[in-house]
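Novice: First to last, the protein sequences are chains A and B. Position one of the first sequence corresponds to residue 1 (the working numbering), numbered consecutively onward. Position one of the second sequence corresponds to residue 1001 (the working numbering), numbered consecutively onward.
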Amino acid sequence: MDDVLKKLLRDNPSIWCASASANNRLEGLSTGFEKLDAILPVNGWPVNSLVEVLLPRWGIGELQLLLPALVALSQQKKWIVWVSPPFIPYAPALAHAGVDLEWLVVMPKTYVGEEVLWATEKILRNRSCGMVLSWPSNAAKLNDKAMRRLQLAAEEGQSTGFIFRGLLDSAFSNSTFSDNTMPVSNVSVSPSPAALRFSLSIVDFQLQVCLLKARGASRLGRVLLDVGSL
Amino acid sequence: MKSQNLELPFLSSSSALVPKAADSSIDLSTVANSLLPQKSRGQLWLCLYFPNVSLALLESEKKRAQVVINEQNQGLCVYAANDIAREFGVTADMPLNSAYALCPTLTVFRRDKKAEADNILRIADWALQFSSHVSVVSVDKVLLEVKGSLDYFSGLTSILKKIDDSFSKKFSYPYQLAVTPTPMASQILCELSKKTVIERKEDSRSLVASISVNYLLKNSPRLFNKIQKTGVKTIQDLWRLPRDGLARRFGHELLTILDQLTGVIADPRLMYKSPLKYKKSIELPMETDSNKIIRWTVDQLFKNLEIFLRQSDTGIVQLNVFLKHQSNSSEIKLRLRQMSRSAVHLSTLFAERIERTRLAASVVEVSVFVDEILPFVTSSRSLFSQLNVDDDSSGVDADWENTLEQLQNRLGKKSVRYLKVQDEINPERAWSYQSSQSVIQQIGTEKRPLWLLPVSKLLKQHKNRPNYRGSLTFLFGPERIQTDWWHGKDKSIRRDYYIVASANAGYLWIYRELEKSKLKQNSQWYLHGFFG
């Protein structure tokens, strides 16, 4: 029976074997949270690709989630660039957490304007870059083609790109924040060329990470993380 | 038998030196000097002379009789005449009227001193590739010190051939050259014959001896007149006269010139340095709106700029590109993060910029102007700044700088910022942007949110408790921050900061404004940051 299977696999390259993919795993960048590493296909953040993060509103815990990775990358002397962040990355807090500010570059929203995607692509493509955190302004422009370009740029530059997008949320439509309007679209179901995609929400004062797409994973799990430990 | 082959340098050099006509008063000092053994280190000066360069620069028909005229104290005089004019008998320093009398069909051009000056500077720039010590003597003569370059060019004949090839490719007029150990001798000899090469001092002496004093004293006409009146005709005649007598009658200047001629004393020449500005324009063949054509033309200018910078071993940190329209012109300033002279790099930057700018009108002429040219330094990082862990670190870093530069070029200088912690109690001021990397270790503050709101947001209150998307659970606080009281009551900050949890929005940093007056008012609650 084994011989038959082996012959079949050998002659038909289009048959994908789940166990085979487990052997050629690239090591990812550890998220810093064991429970999250366990459900991610590369045991951490994928190194050469795009990660889509969907949130109902900014500030619910996405930075805390990335903080261990930021600390690790800045200490490896890799550049971390924030493109058009919605608020101000607070230097004293970042420094206290262990992030080496020397390797942080911030591109304020007012100067980047509509060119978020262009800037993100340019930086991703550079090999010195470790991570790009990007908040695209116009959801309409972030189509499949644009995402694919970013994914290619991330692969070429061997950097990780985090794209933050808004999730359609009934609570959000009552928002009084006029200057930080989030791109409202039901993106959780649209296809994406990113290697990893997950959504964040608050459940019981804890951050819930739901994997929506994970290249190489056999199942899409979800975890609750306690990021509020101060 | 060996003794027969022995050549005493003393005897051989002296025999070559004795002047043809034996004379009682031989200048002893010069003779004594030439008896000293020849130093292996010396100098070789190459003088390039461009006869009638003022005529050569005229862009006109050469078939007709032409003269270039100059204003002199007596009126208009002929400065230079071309071959055809000379056949008629027109010579230099002839009054214009006489020239017309000899040749009625003369074409007259005014001397363009600026064009001649520009030309000789261009030649000096070109000459820099053959020697590091180039000196401009006049508008038609350039000196190069070539002894230092002989090793590099493997010999005198090789360097002369290279000069010949390069010159005829670049410039179209004739030249004459002379190579001697002293600059003065080269200057004189180059006027007299097409090519003179003398490598030893003694040989130059004998060649120079029979030259008229006129050539020696071109720059001092009064001195020349004086000497002429005494009946001295050639340089040899001057040598024969006693030195103290010459000094007394004509001054020490003459002795200095004579000594410099033979190399007894040094004749330092001012080194030519390239001008520190660059300006070049190209007129477009046709008025155009097309980015592609403009970019191509500017690329040509950049290539020319690169050659210029490489020749003079310099670089630039900024440049201006002017696009001239029919009635006005627009300017594009390019600022570089690091000194550069790469045409490719400049072209990329310019291409990015021109894509973003909307042209006011169609472009007629394109020019590049650099007003600050600096000696070229390859980029070096400071001692404590960290290079990338990857190998080939210098290459990767330059790449990163390039990327940042392109970003800034397109989005503005302030689009790329670094973060810095400030030692301030006031939370809004405890951080700042800065435009360069900080090298010092930054110390943070604990219990601070990762996101700060640029402007704190007033929170709604429900039953005297602050509300943000639902109720808030107080976790930590209060942290009293009180500062800026010295700015007056209005600007003083008295806040109690709390860390709260919201069921829908994560962990928040809020504060309560403390009462500023004795009156107990409902204090306001504000949201200042997210711990998310």
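Virtual Cβ for every residue (Gly too), placed ideally from N, Cα, C. Just so it is clear, the structure is predicted and the values come from calculations on it, not from any experiment.
Against chain B, with Cβ distances strictly below 8 angstroms, would Gln64/A count as a contact?
Specialist: Numbered from its first residue, the first sequence carries residue 64/A at position 64. Chain B, which has a Cβ nearer than 8 angstroms to the Cβ of Gln64/A, makes this yes.
Novice: Taking the runs of the alpha helix (DSSP H) that are 4 residues or longer, which of them lie wholly in the segment 1328–1357 of chain B?
Specialist: Segments of the alpha helix (DSSP H) lying fully in the segment 1328–1357 of chain B: 1343–1356.
Novice: In chain order, what residues of the same chain have a beta carbon less than 7 angstroms from the beta carbon of Ser1415/B, not counting five sequence neighbours either side?
Specialist: Here residue 1415/B refers to the residue found at position 415 when the second sequence is read from its first residue. Excluding residues within five positions, the ones whose Cβ falls inside 7 angstroms are Leu1407 and Gln1408.
Novice: Taking its Cβ as the centre, do 16 or more other Cβ atoms sit within 10 Å of Ala69/A, making it buried, or is it exposed?
Specialist: For this step, residue 69/A is matched to residue 69 along the first sequence. The residue in question, Ala69/A, is buried, as its Cβ has 16 or more Cβ neighbours within 10 Å.
Novice: How many angstroms separate the CA atom of Ile1198/B from the CA atom of Ala1398/B?
Specialist: Looking up residue 1198/B in the second sequence gives position 198. Looking up residue 1398/B in the second sequence gives position 398. Those two C-alpha atoms are separated by around 50 angstroms.
Novice: At the level of alpha carbons, what is the spacing between Arg148/A and Ala194/A?
Specialist: Taking the first residue of the first sequence as position 1, residue 148/A is located at position 148. Taking the first residue of the first sequence as position 1, residue 194/A is located at position 194. Each residue's Cα considered, the two are about 8 angstroms apart.
Novice: Would Leu286/A be called buried (16 or more neighbouring beta carbons within 10 Å of its own) or exposed?
Specialist: Here chain A has residues from 1 to 230 only, and residue 286/A is not among them.
Novice: Closest Cβ-Cβ distance between Ile202/A and chain B: below 8 angstroms?
Specialist: Walking along the first sequence from the start, residue 202/A turns up at place 202. Taking Cβ atoms only, chain B reaches closer than 8 angstroms to Ile202/A, which makes this a yes.
Novice: Candidates Leu40/A, Lys35/A, Val4/A and Phe33/A: which alpha carbon is nearest Gly216/A's?
Specialist: Residue mapping note: residue 216/A aligns to position 216 of the first sequence, counting from 1. Comparing Cα-Cα distances from Gly216/A to each of Leu40/A, Lys35/A, Val4/A and Phe33/A, the minimum goes to Leu40/A.
Novice: Look at the alpha carbon of Ser185/A and the alpha carbon of Phe1369/B, and state the distance between them as a whole number of angstroms.
Specialist: Numbered from its first residue, the first sequence carries residue 185/A at position 185. Numbered from its first residue, the second sequence carries residue 1369/B at position 369. Low confidence applies to Ser185/A: its pLDDT is 48, below 50, so where it sits in the model is not reliable enough to give any reading.
Novice: Does Ala1503/B come out as helix, strand or coil in the three-state DSSP assignment?
Specialist: Here residue 1503/B corresponds to residue number 503 of the second sequence, with the count starting at 1. Ala1503/B falls in the coil class under three-state DSSP.
Novice: For Thr1403/B versus Ile80/A, is the C-beta spacing smaller than 8 angstroms?
Specialist: Numbered from its first residue, the second sequence carries residue 1403/B at position 403. Numbered from its first residue, the first sequence carries residue 80/A at position 80. No, the pair does not count as a contact, with Cβ atoms beyond the cut-off.
Novice: Which of the three DSSP states is assigned to Met131/A in this structure?
Specialist: As a working note, residue 131/A is residue 131 in the first sequence. Met131/A: strand per DSSP, three-state reduction.
Novice: Looking at Leu133/A and Pro85/A, is the spacing between their C-beta atoms short of 8 angstroms?
Specialist: Stepping through the first sequence from its first residue, residue 85/A is reached at position 85. Stepping through the first sequence from its first residue, residue 133/A is reached at position 133. Yes, the pair counts as a contact, with Cβ atoms nearer than the cut-off.
Novice: Do the CB positions of Phe1308/B and Ser1347/B come within less than 8 angstroms of each other?
Specialist: The count along the second sequence starts at 1 and reaches residue 1308/B at position 308. The count along the second sequence starts at 1 and reaches residue 1347/B at position 347. No; because the gap between Cβ atoms is not below 8 angstroms, this pair is not in contact.
Novice: Judging by CA-CA distance, which residue of Ile88/A, Gly61/A and Leu73/A is the nearest neighbour of Val233/A?
Specialist: Here chain A has residues from 1 to 230 only, and residue 233/A is not among them.
Novice: For Leu1036/B, does the count of other Cβ atoms within 10 angstroms reach 16, so buried, or fall short, so exposed?
Specialist: Position 36 of the second sequence, counted from the start, is the residue given in the question as residue 1036/B. Its pLDDT being 38, under 50, Leu1036/B is placed unreliably by the model, and the measurement read from it follows with that caveat. Result: exposed.
Novice: Given this structure, state the Cα-to-Cα distance separating Asp1490/B from Asp1484/B, to the nearest angstrom.
Specialist: Numbered from 1 along the second sequence, position 490 holds the residue referred to as residue 1490/B. Numbered from 1 along the second sequence, position 484 holds the residue referred to as residue 1484/B. In a straight line, the C-alpha of Asp1490/B is about 10 angstroms away from that of Asp1484/B.
Novice: If you check the beta carbons only, do Leu1305/B and Tyr1272/B fall under 8 angstroms apart?
Specialist: Counted from its first residue, the second sequence places residue 1305/B at position 305. Counted from its first residue, the second sequence places residue 1272/B at position 272. Their beta carbons are not under 8 angstroms apart, which means Leu1305/B does not touch Tyr1272/B by this criterion.
Novice: Can you give me the Cβ contacts of Asn143/A inside the same chain, cut-off strictly under 7 angstroms, excluding the 5 residues immediately before and after it?
Specialist: Taking the first sequence and counting its residues from 1, one reaches residue 143/A at position 143. Closer than 7 angstroms at the Cβ level, and outside the excluded window around Asn143/A, lies no residue.
Novice: Return the residue from the list Val1108/B, Ala1101/B, Val1142/B and Gln1129/B that minimises the CA-CA distance to Leu1046/B.
Specialist: Locating residue 1046/B in the second sequence gives position 46, counting from the first residue. Out of Val1108/B, Ala1101/B, Val1142/B and Gln1129/B, Val1142/B has the C-alpha closest to the C-alpha of Leu1046/B.
Novice: By the criterion of Cβ-Cβ separation under 8 angstroms, what are the contact partners of Arg1417/B in chain A?
Specialist: Counted from its first residue, the second sequence places residue 1417/B at position 417. In chain order: Val105, Val106, Met107 and Pro108.
Novice: Between Ile123/A and chain B, is there a C-beta pair that is closer than 8 angstroms?
Specialist: Here the question's residue 123/A lines up with position 123 in the first sequence. Yes - at least one Cβ of chain B is within 8 angstroms of the one on Ile123/A.
Novice: State yes or no: is the beta carbon of Val112/A nearer than 8 angstroms to at least one beta carbon in chain B?
Specialist: As a working note, residue 112/A is residue 112 in the first sequence. So, interface residue.
Novice: Exposed or buried, which one is Lys109/A when buried takes at least 16 other CB atoms within 10 Å?
Specialist: For the purposes of this step, residue 109/A is taken as the residue at position 109 of the first sequence. Buried, because 16 or more other Cβ atoms sit within 10 Å of the Cβ of Lys109/A.
Novice: So, is the C-beta of Ser128/A closer than 8 angstroms to a C-beta in chain B?
Specialist: As a working note, residue 128/A is residue 128 in the first sequence. Taking Cβ atoms only, chain B reaches closer than 8 angstroms to Ser128/A, which makes this a yes.
Novice: Looking at the structure shown, is Thr1182/B part of a helix, part of a strand, or coil, going by DSSP?
Specialist: Position 182 of the second sequence, counted from the start, is the residue given in the question as residue 1182/B. The answer is coil: DSSP assigns Thr1182/B none of H, G, I, E or B.
Novice: Could you work out which residues of chain A lie near Val1421/B, taking near to mean beta carbons separated by less than 8 angstroms?
Specialist: By 1-based counting over the second sequence, the position of residue 1421/B is 421. Under the 8 angstroms cutoff, chain A gives Ala91, Pro92, Ala95 and Leu101.
Novice: Contact criterion: CB-CB distance below 8 angstroms. Does Asp1391/B meet it with respect to chain A?
Specialist: Position 391 of the second sequence holds residue 1391/B. Residue placement at Asp1391/B is poorly supported in this model, since its pLDDT is 36, which falls under 50; the coordinates still yield a value, given next. No, because no Cβ of chain A sits closer than 8 angstroms to the Cβ of Asp1391/B.
Novice: Kindly identify the DSSP beta-bridge partner or partners of Gln1066/B.
Specialist: Within the second sequence, residue 1066/B is the residue found at index 66, counting from 1. Beta-bridge pairing links Gln1066/B to Thr1107/B.
Novice: Between Leu1527/B, Tyr1507/B, His1345/B and His1487/B, which lies nearest to Asp1496/B when the distance is taken from Cα to Cα?
Specialist: Counting from 1 along the second sequence, the entry for residue 1496/B is found at position 496. It is Leu1527/B whose Cα lies nearest to the Cα of Asp1496/B.
Novice: Over what stretch of residues does the alpha helix (DSSP H) that includes Trp1486/B continue unbroken?
Specialist: In the second sequence, the residue the question calls residue 1486/B occupies position 486. Where Trp1486/B is concerned, there is no enclosing alpha helix (DSSP H), given that its DSSP letter is neither H nor E.
Novice: Mind checking who Cys1190/B pairs with in its DSSP beta bridge?
Specialist: Locating residue 1190/B in the second sequence gives position 190, where the first residue counts as 1. Beta-bridge pairing links Cys1190/B to no other residue.
Novice: Unbroken beta strand (DSSP E) runs of length 3 or more, entirely within the segment 1249–1323 of chain B: which are they?
Specialist: Here the runs fully enclosed are 1278–1288.
Novice: Any Cβ of chain B within less than 8 angstroms of the Cβ of Trp45/A?
Specialist: Residue numbering aside, residue 45/A sits at position 45 when the first sequence is read from its first letter. For Trp45/A, the answer is no, since every Cβ of chain B falls outside 8 angstroms of its Cβ.
Novice: By how many angstroms is the C-alpha of Ile1123/B removed from the C-alpha of Asp1112/B?
Specialist: What you label residue 1112/B is simply residue 112 of the second sequence in a count that begins at 1. What you label residue 1123/B is simply residue 123 of the second sequence in a count that begins at 1. Cα to Cα, the separation comes out at about 17 angstroms.
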